[in-house]
Structure formats: structure tokens, C-alpha cells
Amino acid sequence: MDKFFPHKDLSYKIIGFLYKVRSAYGNSQKEIIYQNALVEELEEAKIPYKREVDIPIISSKTKKRLGNYRADFLIDNKIIVEIKAIKFTFNKLEQQVFSYLKSTPYEIAYLVNFGSPKLYLKRYILTNDRKFSVVSVSPKSVESVSLGFTLMELLIVIGLIALIAVVTLVFFNPIVQINKAYDAKRKHDLSELQKAFEDYYNDKGCYPKVDEVCYDADTNLVNIYSYFGSWTNKKVISQVCHICGNEADPPQFSSFSPYLSQLPCDPQHSKKQYLYNVEAKPGLIGPKTPAEAKNDCPQWYNLYANLSNADDLQSKELGCVKGACGIRYDEDAVTFLIPSGTINPYPLGYEYGVASPNRKVAVTDRYACYSGNECNYCYETYERCIQENPDCPAIYA
Numbered sequence: 009m010d011k012f013f014p015h016k017d018l019s020y021k022i023i024g025f026l027y028k029v030r031s032a033y034g035n036s037q038k039e040i041i042y043q044n045a046l047v048e049e050l051e052e053a054k055i056p057y058k059r060e061v062d063i064p065i066i067s068s069k070t071k072k073r074l075g076n077y078r079a080d081f082l083i084d085n086k087i088i089v090e091i092k093a094i095k096f097t098f099n100k101l102e103q104q105v106f107s108y109l110k111s112t113p114y115e116i117a118y119l120v121n122f123g124s125p126k127l128y129l130k131r132y133i134l135t136n137d138r139k140f141s142v143v144s145v146s147p148k149s150v151e152s153v154s155l156g157f158t159l160m161e162l163l164i165v166i167g168l169i170a171l172i173a174v175v176t177l178v179f180f181n182p183i184v185q186i187n188k189a190y191d192a193k194r195k196h197d198l199s200e201l202q203k204a205f206e207d208y209y210n211d212k213g214c215y216p217k218v219d220e221v222c223y224d225a226d227t228n229l230v231n232i233y234s235y236f237g238s239w240t241n242k243k244v245i246s247q248v249c250h251i252c253g254n255e256a257d258p259p260q261f262s263s264f265s266p267y268l269s270q271l272p273c274d275p276q277h278s279k280k281q282y283l284y285n286v287e288a289k290p291g292l293i294g295p296k297t298p299a300e301a302k303n304d305c306p307q308w309y310n311l312y313a314n315l316s317n318a319d320d321l322q323s324k325e326l327g328c329v330k331g332a333c334g335i336r337y338d339e340d341a342v343t344f345l346i347p348s349g350t351i352n353p354y355p356l357g358y359e360y361g362v363a364s365p366n367r368k369v370a371v372t373d374r375y376a377c378y379s380g381n382e383c384n385y386c387y388e389t390y391e392r393c394i395q396e397n398p399d400c401p402a403i404y405a
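Residue numbers (our numbering): 9 to 405.
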């Protein structure tokens, strides 16, 4: 090793890396950018390094530790590198680096300022034989200092973190908070839709058609019937479809977009959807296709959402707990049956809903089970139905 220029080969490599970083990133980046770029060069060259390492400063008189000096980089446990990204380099910085070099066992340091118009690169060499007192510091001691904690301190910190985690889970359960946030959005979305629907009605005397707000109006529109003794006498009451602005625009969305430029979507759209239940074309009796039952001027609607929080206060106030709210059927209908060979596409009730002023959110205390293309009526509470047939999904009856 050159007595007057220790670690020459390593120094030249570092200098090359610094110029390469400056060439790539200029002089207007933050310090962290230049530091990370230097890390990439060191790792590519497989040169060991430590970042933000605490190096002990030892008293020349008592040999006791006076404190720690935190270096930006300690490369190969041989060379200190301090990186700055400021417009001017102050003498104080230069004096600090040289002072730190005097008080540590390291013999070479670099002060680099990437923020100056030209790359500022200054090398400091102070061999140990020219220092007043040199105290040997092993790489292991540097690593232990850089940790900053004794074993006991670490155990205390870990214990505190565990305690905080438990308290957080008990009092601020993240899943509960996320579910509340989801539900708050759902209520806000339905409120915004309700306002837009009323504005639409005030202008046109009708509520929005399914083609104007439902993305699945052409693919998944379903008729809702009431039943009067035989299927030939069944009456088309309403239609249901889904609203989600994340899907393709409804076929006639341009007619509704002046009232709401972006349709909302359930925050868990893959699992839950907003249901639009709207009046079908009046006076239809007997089996009808969804296209035949579309109403050009609906006079009432319901909007429903599934909530994530089973204990939601507003859901309880509406009477919608455990899916007790659902599709609106005609009050005169004796029962609601699913035609043989078909599957009910809306097997569950809803925990929250809003309605047009001339309508109420439909609430029931009766449930039915649908399984194997058969309806088994329970006419009891939700819990009673589930007890009788736990594998059967509940539907609004």
C-alpha cells in the first residue's frame, strides 16, 4: 500500500463511480438520488459498503468514546465518503470531514457535492502515523455501533412495538376501519346518485332508464314479477340491473351524464355491486323479455348496496340488518316465486338503500330459501331460516 496515498486502487474506482453518477443525473437531484445511484455502482462492482454508519469518535486523552460520527458511506471498511447536493460547498463542511478523519482510525475520506455547477470532489488523506492518537476500531465494532441499541434496548423496543400493535388491533382494528371506509363511500355514492336522479326527474318528469345508468342493461337485465295464482297471470313489477362507473358506459349514458359525469362504483366491485331497482313498463302481464319490459319513463326507483360492517347504525335504523332490505315487490302480491329451471341472480338481501320520494326502502322480516330450483318459504327471521337450512342462501320474500 502506498504510504502517502492509501487504498489508491479503491479510491480511483470510487472517483470513477462518482463522475459516472454526476454524468447520469446532473446537479439538480436530491442527495438520496445520488446516494442510491452510488449504491448501484458499488453493488455492480461487488465492493462492500455500509450506509449511514456510526463511527465512534475516541478521546485522544482518555481513550473513551466521545460520541459517534455518522458517515454517509464507509466503503470496504477503508474509505469514508460524504455526499452533498447543495449549491455551494462551505468551508465548515471541509473542516468537519477533516476533523472526523483525525478522530477515527480511517485514513482517507472524500467530500462530494453533486449540487455545484461542476462536480466538487475533494480527497482528504491523513495517515494514522500522523495523528496524535489512533485507537483501533474493528469492523465488528463499527457494525455494532451502527445498530444503535444494546440487546436489552432492542428487547424493550420490540416489547413496546408488540404492545402498540396489540392496542392498535384492539382499539383501531384496521379491518374494521377499512370496512367502515368502504361503507362510508357506499352511502356517499348512493346519496350522489339520489341527488342526480332527482335533478333528472325535475327536468324530465321521469327517473333514469336502465339503459342510461346500468352497464349491464343489455346483458344482465332481469324482470321482477308478482304472482296471482298462475304464471300466465304474473305481473311484471320492476327491473333490476347494476351501476358501476368502472365498467363500460351504459348504452345511453350520454343522456344522463349532464347530471353525473362519472357513475360511482362499489369499492369492492368484484364482490359487491350497486343494485338499481326501477319501475318496469306498466300493465305487463305474463312472461316478458327484459327488452319488452323496459320503461321509457319510470316513476319510482330503489338503490341498494351491500355493507361490510354488520353493526352499521344506519342499517339498523332502516331495518336492513342481515340483508333485510331488498327488491321491491308489489304489495298486493301474495308470494314471489322463481320460475322452474331458472336461477335467482340476486340471492341475497341488502344492508342499505335509498329510494325515490314516492317509495320506501323495502324491508322484510320474512325470508325464503332457494335451492335446487325450489323455493322453501320460511316466513320467519333470518336466523330461524338459517337454522332450518344452513346451506340454503336466503332471499328476500
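Where a beta carbon is used, it is the ideal one built from N, C-alpha and C, also for glycine.
Just so we're clear, the structure is a prediction, and the values are computed from it rather than from any experiment.
Bounds of the beta strand (DSSP E) holding residue 247 are 243-251. Proximity of the region 47-59 to the region 103-112 falls short of the contact definition, fewer than three beta-carbon pairs being nearer than 8 Å. When DSSP states are grouped into helix, strand and coil, residue 367 belongs to the coil group. Look at residue 84 here: in three-state DSSP terms it is coil, with no helix or strand label. Taking a C-beta distance under 8 Å as the contact criterion, residue 268 and residue 204 qualify as a contact pair. A distance below 8 Å between beta-carbons, with the five flanking residues on each side excluded, links residue 285 to the following residues of its chain, in chain order: 232, 246, 247, 248, 309, 310, 311, 312, 335, 336.
Pairing residue 117 with residue 164 gives a Cβ-Cβ distance that is not under 8 Å. Considered as a whole, the region 270-313 harbours 282-287, 309-313 as its complete beta strand (DSSP E) runs of no fewer than 3 residues, in chain order. The DSSP assignment places 73-83, 87-92 as complete runs of the beta strand (DSSP E) inside the region 59-116, in order along the chain (cut-off: 3 residues). Our two residues, residue 324 and residue 217, have alpha carbons roughly 30 Å apart in a direct line. Ranked by how close their Cα comes to the Cα of residue 133, the residues 332, 30, 86, 167 have 86 in first place. Look at residue 174 here: in three-state DSSP terms it is helix. From the listed residues 186, 226, 263, 234, the smallest Cα separation to residue 250 is found for 226. Between the region 30-38 and the region 117-132, the count of Cβ pairs shorter than 8 Å is three or higher; the stretches touch.
Taking C-beta separations shorter than 6 Å and ignoring five residues to either side along the sequence, the partners of residue 190 in its chain run 275, 316, following chain order. Minimum Cα-Cα distance from residue 361 among the listed residues 112, 184, 194 corresponds to 194. Taking the Cα of residue 63 as reference, the smallest distance to any Cα among 55, 74, 300 is reached at 74. In the displayed model, residue 265 falls within coil according to three-state DSSP, outside both helix and strand.
With respect to the 8 Å criterion, residue 84 and residue 57 are classified as neighbours on the basis of their beta carbons. Assignment of beta-bridge partners to residue 361 by DSSP yields 312.
Excluding its 5 nearest sequence neighbours in each direction, residue 90 has C-beta neighbours in its own chain below 6 Å: 80, 105, 119, listed in chain order. Shown here, residue 136 sits in a helix according to DSSP, grouped into three states. According to DSSP, residue pairing for residue 234 in a beta bridge involves 243. Partner residues in the beta bridge of residue 120, as assigned by DSSP, are 91, 129. If you draw a straight line from the Cα of residue 214 to the Cα of residue 257, it comes to about 21 Å.
Counting along the chain, the unbroken alpha helix (DSSP H) around residue 25 starts and ends at 16-33.
In the three-state reduction of the DSSP assignment, residue 209 falls in the helix class.
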